[in-house]
Amino acid sequence: MKPKEVVEIIEPKKIIVGDKKAPVTIMQFGDYESEECAKVNEVVAALLETYPDKVNFNFRHFPLLKIHQKAHKAAEAAICAAQESPEMFWELHKELFKNRRNLGIISLKSYAKEVGTSNKKFLDELINGMYGWNVQDDLKEGIQMGVTTVPTFFINGELFDKEPTFKNLSSYILALSDKGGEVKKTVAKKAKVVAE
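So the number in this note's numbering is just where the residue sits in the sequence shown, counting from 1, plus 3.
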């Protein structure tokens, strides 16, 4: 009998968009059905484009299940795309926000195909909930870190407690990158760090 192939799943906390060596990491807890998250996604995209050598981005899934029933499955779709590459994750991530009002399973498969995923088992993996536990892990970690709503941002592990506008985030990124990524404790509140 042939042993089953072991597949390593790339977890959301390991999916980094942008330069992994950048001194500033923006981590966002978000929900694909949230209008506010969709708006701030444009801000994040602009930051990555404006500061490619200063900042990278890690999106963590925090679907607000009581009001957004399809956000959990959309998060699973994004994780599925990430198994191909961070770039594929980013492309589907943008597509999901663009189509946040239409996130049924068949639509998710269609969006994945549109952005170029090559996973032939995409639909099966979504239906079977293969990445559901990854979404649950993000939810649990977010709760442990004090996340109660979306979008919530952490920069270099510190809660960013200002409005996430381009101006506010940009100023903070520039200040941090000038200090080699060291967070000034008076600007951001300390978050509980969850061990990996």
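Glycine included, each C-beta is placed from N, C-alpha and C at the ideal position. Note that the structure is predicted; figures quoted are calculated from it, not measured.
* Look up E90 in the DSSP assignment and say whether it is helix, strand or coil. => DSSP, read as helix, strand or coil, puts E90 in helix.
Check: Any contact of the stretch 57-64 with the stretch 18-34, i.e. 3+ C-beta pairs under 8 Å?
Finding: The answer is yes - the stretch 18-34 touches the stretch 57-64, with three or more Cβ pairs under 8 Å.
### Query
Among residues of its own chain, excluding the 5 on either side of I130, which ones have a beta-carbon nearer than 8 Å to its beta-carbon?
Excluding residues up to 5 positions away in sequence, I108 lie with their Cβ nearer than 8 Å to the Cβ of I130 in the same chain.
For E161, name the three-state secondary structure that DSSP assigns. In the structure shown, E161 adopts extended strand secondary structure according to DSSP, grouped into three states.
| Closest by CA to N102, which one among A41, E166, F169 and K16? | Check the Cα spacing between N102 and each of A41, E166, F169 and K16: the tightest is with A41.
| task | Indicate whether the contact test is met: 3 or more Cβ pairs, each with one atom in the stretch 72-84 and one in the stretch 125-140, closer than 8 Å. | result | They touch, by the three-pair rule.
message: Please classify Q147 as buried or exposed, where buried requires at least 16 neighbouring CB atoms within 10 angstroms.
response: So Q147 counts as exposed.
(request) Name the two residues that bound the continuous beta strand (DSSP E) containing H75. (result) For H75, no beta strand (DSSP E) run applies; the uninterrupted alpha helix (DSSP H) run containing it begins and ends at A74 to A85, by DSSP.
Count the other C-beta atoms from every protein chain shown that fall within 10 angstroms of the C-beta of T53, then say buried if there are 16 or more, exposed otherwise.
So T53 counts as exposed.
Pick helix, strand or coil for N61, following the three-state DSSP scheme.
DSSP, read as helix, strand or coil, puts N61 in strand.
Practice problem: Verify whether the separation of the beta carbon atoms of T120 and E98 is less than 8 Å. | Solution: Result no, Cβ atoms of T120 and E98 do not sit closer than 8 Å.
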